[in-house]
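Trainee: In this note's numbering, the protein residues as written are 52 to 181. Each residue gets a CB set at the ideal place from its N, CA and C atoms; glycine is no exception. Below you'll find the structure I mean.
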């Protein structure tokens, strides 16, 4: 398992976490994620000789940690740009719901990122190590 690569690629998640606070509008956020998912999948396919799915899966788990920490910490700045989050209360504060839902979103997007990485591994071969 290439933990260094996973941590490096998860920096895109950290950048997106800060970007989605107020810079990246909610309607176009998915397009940024698709580009990041594809880029990360290709990098994983080329840098890792095996376990491509698991690299992608763990990458999304790391991303969910970054995103949750940043969005919870900057919640007051995040909420005006994501008004749907105010309706996310189910008997508790939306910050608590963000924390509780983060693992679920990490797993769901991990399955997607893992699938992207697996497919990319069939299209791209790892770079040889000298």
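1) Going by other Cβ atoms of all chains shown within 10 Å of its Cβ, with 16 needed for buried, is residue 124 buried or exposed?
2) Using only CA atoms, which one of 169, 55, 73 lies nearest to residue 134?
3) For residue 125, name the three-state secondary structure that DSSP assigns.
4) Counting C-beta neighbours from all protein chains within 10 Å, is the total for residue 95 16 or more, i.e. buried, or is it exposed?
5) Relative to the alpha-carbon of residue 92, which residue among 111, 82, 79 has its alpha-carbon at the smallest distance?
6) Using the Cα positions of residue 129 and residue 168, report the straight-line distance between them to the nearest angstrom.
7) Please tell me whether residue 68 and residue 122 are closer than 8 Å, where the distance is taken between their beta carbons.
8) Quick one: what does DSSP say residue 170 is sitting in, helix, strand or coil?
9) If distances are taken between C-alpha atoms only, which option among 89, 126, 147 comes closest to residue 174?
Mentor: This is what the structure gives:
1) Position 73 of the chain shown, counting from 1, holds the residue named residue 124. Residue 124 is exposed by the Cβ-count criterion.
2) Position 83 of the chain shown, counted from the start, is the residue given in the question as residue 134. Ranking 169, 55, 73 by CA distance to the CA of residue 134 puts 73 first.
3) Here residue 125 corresponds to residue number 74 of the chain shown, with the count starting at 1. In the structure shown, residue 125 sits in coil (DSSP, three-state: anything other than H, G, I, E or B).
4) Reading the chain shown from its first residue, position 44 is the one you call residue 95. Counting C-beta atoms within 10 angstroms of its own C-beta, residue 95 has 16 or more neighbours from the protein chains shown and is therefore classed as buried.
5) Counted from its first residue, the chain shown places residue 92 at position 41. Cα-wise, what sits closest to residue 92 is 111.
6) Position 78 of the chain shown, counting from 1, holds the residue named residue 129. Position 117 of the chain shown, counting from 1, holds the residue named residue 168. Distance between the alpha carbons of residue 129 and residue 168: 30 Å.
7) For the purposes of this step, residue 68 is taken as the residue at position 17 of the chain shown. For the purposes of this step, residue 122 is taken as the residue at position 71 of the chain shown. Going by beta carbons, residue 68 and residue 122 fall inside the 8 Å limit.
8) The sequence position of residue 170 within the chain shown is 119, counting from 1. DSSP places residue 170 in helix when its eight states are reduced to three.
9) Against the chain shown, residue 174 aligns to sequence position 123. If you compare the alpha carbons of 89, 126, 147 with that of residue 174, the shortest gap goes to 89.
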